[in-house]
Amino acid sequence: MSKTMIEVSNVTMRFRMNSDRILSLKEFVTTALRGKLDYRDFTALEDVSFTVKKGETLGLVGRNGAGKSTLLKVISGILKPTQGSVAAHGNVVPMLELGSGFDFDLTGKENIFLNGAILGYSESFLKEKYQEIVDFSELGEFIHVPMRNYSSGMVARLAFSVATMVHPDILIVDEILAVGDAQFQEKSKARMMELMGGGTTVLFVSHSIDQIRDMCSRVLWLEQGMVKMLGRTNEVCDAYAM
Amino acid sequence: MSKKKGAISQKHPQEAPVRIPRFCAGIFLLYWLLIAAFYVLAGEQLHLRQSRGALELPAAESGTVELCQGAVVEQCFTAEIQRFQSVSVQWGTYYRPNAGTVAIELWNLADGSLLLSQSYDAAAITEGGLTTLTAREPIEGIYGAPLLLKVYADCQPGSAPSPLMNQSAPAQEGFSLSLNGAPAQGTLCFSASGEDYIWTGLHYWEFAAGFGAALALALIYIWRRWAAGKHSYVVYALTALKQYRFLIRQLVSRDFRTKYKRSVLGMFWSFLNPLLTMMVQYFVFSTIFRSDIPNYAAYLLIGIVSFNFFSEACGMALTSIIGNAPLITKVYMPKYIYPLTRVMSSVVNLGISLIPLVIVCVATGVEFRKSAVLAFYFLACLMIFSLGLGLLLSSAMVFFRDTQFLWGVFSMMWMYATPIFYPESILPEEFKFILRINPLYYFLKNIRMCILDGLSPEPAIYVQCLLMAFGMLAAGAVVFRGSQDRFVLYL
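Line by line, the protein sequences give chains A and B. Whatever position you read off the first sequence (first residue = 1), add 906 for this note's numbering. Counted from 1, the second sequence has number 25 at position 29 by this note's numbering; the numbering is strictly sequential.
What follows is the structure in structure tokens.
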């Protein structure tokens, strides 16, 4: 049970930011001609290193802008680090923002297959799990209705159901447990617990210290892109809460 | 880089591994199937092409002599034609009815033999009309040989026609005109044509075997590397293709479903759209501008269908990255998938719009010969070209959002620079270079040739088109690859 699943070594993420983002050729040429093409470097992550072992649930805490989401994006492969390297051993299912792969002109059913494909599930797997996903999302007949007619709670429920239907090796979760009504929240929490019990490695970001204490075995505290503290849940949470 | 590959190969542990030996054998078999199919489909045009040494008809300026009994017009010439087929003479009639018989003979002066001869009824000759002397079997072995074209008649003065001539033609080696035995300045209005052998076509099987051997070596190399467990790009690409097949299919069907989701006629529009455009343009250009293209409806529709595909594929690929920004910033997948699926959706649309094309071709009496199958080769080139340009545009669009507007103008210019609704002959000589630098012109011209003329272009054209298509793809892929890691920062 001590296999290393995620290895983050000396990761630095630097964005080159123009004072105002230039997005047109005309602007680019005119500002370049005026000699005003100044870039400022913004360091979102600096020299971050840690490892996560199989079955662990690592919580990430930190203030807004501390680099938590950037770190998750680097680990899920969306961003490429400026320096350092990340190795993830196993299939990664990122749940950064639920429902980002949905097309609201399609029905819920069509979206289950589309979103499932985006998350990397195979066709046979989705066909097999389709009924389970629909049941879990409690959408019932609404599954055959275009998603533009869904309430936001329905969208979130469907997204959660699709994303957690696999047993991924690594699950990356960014503040998504506040989904649906109280009853569904209970259900989704139970589902997460079930996944963690099944050997899934979880990276978990939340602003709720209670949730972190509840679910995580270790906690990483980021401040201004640097690791402020990394250790047992209670120690870090106590230090952070102060 | 190493990290990214890691992420890709780990995403779908449930997928079966790629079967490289089967793949290698399949590719090799496919190669020979295509080679054989091409040999059958290209037919004669693989070996023979219109001779480049053919002599054009000079502009008629005046008559030679009134061709009464005893008068003779003799034109010496040489032609660099390997298989001599026909020679034509242009006539003047003095705008009167004529009578009698005229005879044309073609002599080989090298050995004094008579090659061709034929008599014509002078009454049937029209002003500016041509009489053509055609060999039953193409004549070989007179390439560059001195030839003599002899024209005489048994007509009475007052009712005899006269072959036309061009007096201002510059003197050429081996060319001389004599009228009734007296040397004259200028040249007779005649033309000669035939075919040349194509060297590459004659050695088709040698070439095929050579490339086949090279392919076999490459496949064995890939196989060995795979068996030894080393990393190779081919295996990597195949794994990716297998993994993302389902995703690609889902994205294509999404494009397709959302496109027609709220329209009553649905996918019928893919079918109707080119047909309606063609009808409007057909009406405009055949009544207002009067073009003399045979079977203009089919000519036009092929142009519209091909160019529509091109502009749709590029236009959709252009916005593919920024349009999927919410996905790209949230989920990892290879970014080339987005432009690729957009182009593939356009391919589906192209497939549907081929149906009205076939219907119009059949209705207007186009005879489909086996060469029509070869049009798919050039359509494939067009697809590869569009994918390359789409990759280029989609990455440019991320960094400069005004690419969209530039492309709008540029694609309109491109449309007018491509002979879609006009014949290529209406372009003045000084603008002909526009066609020569326009890859779409080559694709379109050859698609039309395969379908409408029932002829296969000469072998060099196939290579040329393939190079243009893959050149564009390589350029697009290099730009895309170099910039894809920075996309997410600009979305």
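For glycine and all other residues, C-beta sits at the position ideal for the given N, C-alpha and C.
Short CB-CB distance (under 8 Å) between residue i and chain D
i                     : result
residue 984 (chain A) : Protein chains in the displayed structure are A and B, and chain D is not among them.
Own chain partners of residue i with C-beta closer than 6 Å, once the 5 adjacent residues on each side are dropped
i                     : result
residue 282 (chain B) : 292
residue 274 (chain B) : 296, 297, 300
residue 5 (chain B)   : At residue 5 (chain B) the pLDDT is 36, less than 50, meaning the model places this residue with poor confidence; the figure from the coordinates comes in the next sentence. Nothing listed; no residue qualifies.
residue 998 (chain A) : 982, 1076
residue 103 (chain B) : 110, 144
residue 989 (chain A) : 918
Residues near residue i by beta carbon distance below 7 Å, same chain, minus five either side
i                      : result
residue 363 (chain B)  : 450
residue 1019 (chain A) : 1032
residue 228 (chain B)  : 218, 221, 222
residue 442 (chain B)  : 374, 453, 457, 461
residue 0 (chain B)    : Annotation note: pLDDT 37 at residue 0 (chain B) (below 50); position unreliable, coordinate value reported separately. Result list for residue 0 (chain B): empty, nothing under 7 Å.
residue 7 (chain B)    : Model confidence at residue 7 (chain B) stands at a pLDDT of 40, short of 50, so the residue's coordinates are unreliable; what they give is reported in the following sentence. Around residue 7 (chain B): 239.
residue 962 (chain A)  : 1107, 1123, 1124
residue 1072 (chain A) : 999, 1027
residue 488 (chain B)  : Residue 488 (chain B) lies beyond the range of chain B shown here (-3 to 487); nothing can be said about it.
residue 395 (chain B)  : 486
Residue range of the unbroken alpha helix (DSSP H) whose run includes residue i
i                      : result
residue 1090 (chain A) : 1088 to 1103
residue 220 (chain B)  : 200 to 223
residue 1120 (chain A) : 1115 to 1121
residue 1143 (chain A) : 1139 to 1147
residue 482 (chain B)  : 455 to 486
residue 160 (chain B)  : No alpha helix (DSSP H) contains residue 160 (chain B), which is instead part of the beta strand (DSSP E) from 158 to 162.
residue 79 (chain B)   : Segment 79 to 88 is the beta strand (DSSP E) holding residue 79 (chain B); no alpha helix (DSSP H) there.
residue 400 (chain B)  : 399 to 412
residue 41 (chain B)   : Counting along the chain, residue 41 (chain B) falls outside any alpha helix (DSSP H), and DSSP gives it neither H nor E.
Within chain B, partners of residue i - CB distance below 9 Å
i                      : result
residue 1023 (chain A) : 240, 242, 243, 244, 245, 246, 247
residue 1174 (chain A) : Any answer about residue 1174 (chain A) is impossible in this case: the structure gives chain A only from 907 up to 1148.
residue 1034 (chain A) : Near residue 1034 (chain A) there are no residues of chain B at all, since even the closest Cβ is about 11 Å away, more than 9 Å.
Contact list for residue i against chain A, beta-carbon separation under 9 Å
i                     : result
residue 235 (chain B) : Chain A residues near residue 235 (chain B): none, gap ~13 Å exceeds 9 Å.
residue 323 (chain B) : 1006, 1007, 1024
residue 257 (chain B) : 1011, 1012, 1052
residue 192 (chain B) : Those within 9 Å of residue 192 (chain B) in chain A number zero; the least Cβ separation is about 49 Å.
Chain-ordered neighbours of residue i on chain B, where CB pairs are closer than 8 Å
i                      : result
residue 1019 (chain A) : 246
residue 952 (chain A)  : The contacting residues do not exist; residue 952 (chain A) stays about 17 Å from chain B at best.
residue 1047 (chain A) : Going along chain B, no residue has its Cβ under 8 Å from residue 1047 (chain A), so there is no contact; the nearest lies around 20 Å.
Within chain A, the residues that residue i reaches when beta carbons sit closer than 7 Å
i                     : result
residue 250 (chain B) : 1009, 1012, 1020
residue 340 (chain B) : Under the 7 Å cutoff, chain A gives no residues; its nearest Cβ is about 14 Å from residue 340 (chain B).
residue 481 (chain B) : 986
residue 409 (chain B) : Going along chain A, no residue has its Cβ under 7 Å from residue 409 (chain B), so there is no contact; the nearest lies around 18 Å.
Candidates the options, of which the one nearest residue i by Cα
i                      : options                    : result
residue 17 (chain B)   : B:122, B:57, B:224, B:41   : B:224
residue 1099 (chain A) : A:1115, A:1079, A:1087     : A:1079
residue 188 (chain B)  : B:238, B:40, B:112         : B:112
residue 345 (chain B)  : B:407, B:305, B:51, B:431  : B:305
residue 484 (chain B)  : B:28, B:318, B:271, B:197  : B:318
residue 215 (chain B)  : B:91, B:448, B:342, B:25   : B:25
residue 351 (chain B)  : B:152, B:404, B:294        : B:294
residue 128 (chain B)  : B:136, B:147, B:142        : B:147
residue 245 (chain B)  : B:270, B:341, B:226        : B:341
residue 493 (chain B)  : B:427, B:429, B:422, B:414 : As shown, chain B starts at -3 and ends at 487. That puts residue 493 (chain B) outside it, with no answer to give.
residue 532 (chain B)  : B:101, B:97, B:116, B:130  : Since the first residue of chain B shown is -3 and the last is 487, residue 532 (chain B) is not available in this structure.
residue 161 (chain B)  : B:270, B:230, B:190, B:60  : B:60
residue 39 (chain B)   : B:472, B:369, B:422        : B:369
Close-in-space but distant-in-sequence residues of the same chain around residue i (CB under 8 Å, 5 per side omitted)
i                      : result
residue 1118 (chain A) : 965, 967, 1110, 1112, 1125, 1139, 1143
residue 476 (chain B)  : 331, 332, 335, 387, 388, 390, 391
residue -2 (chain B)   : No answer about residue -2 (chain B) holds up, because its pLDDT of 36 lies below 50 and its placement is not dependable.
residue 105 (chain B)  : 72, 141, 142, 143, 144
residue 1052 (chain A) : 1010, 1011, 1012, 1013
residue 950 (chain A)  : 919, 920, 921, 973, 976, 1131
Residue range of the unbroken beta strand (DSSP E) whose run includes residue i
i                      : result
residue 257 (chain B)  : Looking at the DSSP string, residue 257 (chain B) is not in any beta strand (DSSP E), and its letter there is neither H nor E.
residue 1128 (chain A) : 1124 to 1129
residue 70 (chain B)   : 68 to 74
residue 1108 (chain A) : 1107 to 1111
Where residue i meets chain A, residues with beta-carbon distance less than 8 Å
i                     : result
residue 229 (chain B) : Result: empty, since nearest Cβ-Cβ is about 19 Å, beyond 8 Å.
residue 254 (chain B) : 1009, 1011, 1012
residue 398 (chain B) : 930, 931, 932
Chain B contact residues for residue i, given Cβ-Cβ distances below 7 Å
i                      : result
residue 1002 (chain A) : 326
Quick one: complete beta strand (DSSP E) runs, 3+ long, within the stretch 93 to 144 of chain B? 97 to 104, 109 to 117, 126 to 136
Length at least 4, wholly inside the stretch 1001 to 1082 of chain A: the alpha helix (DSSP H) runs in chain order: 1014 to 1024, 1029 to 1043, 1058 to 1069
What are the start and end residues of each continuous beta strand (DSSP E) run of 3 or more residues lying completely inside the stretch 941 to 994 of chain A, in chain order? 945 to 959, 963 to 967, 989 to 994
So within the stretch 171 to 197 of chain B, which uninterrupted beta strand (DSSP E) runs reach at least 3 residues, ignoring any that extend past its ends? 172 to 175, 178 to 180, 186 to 193
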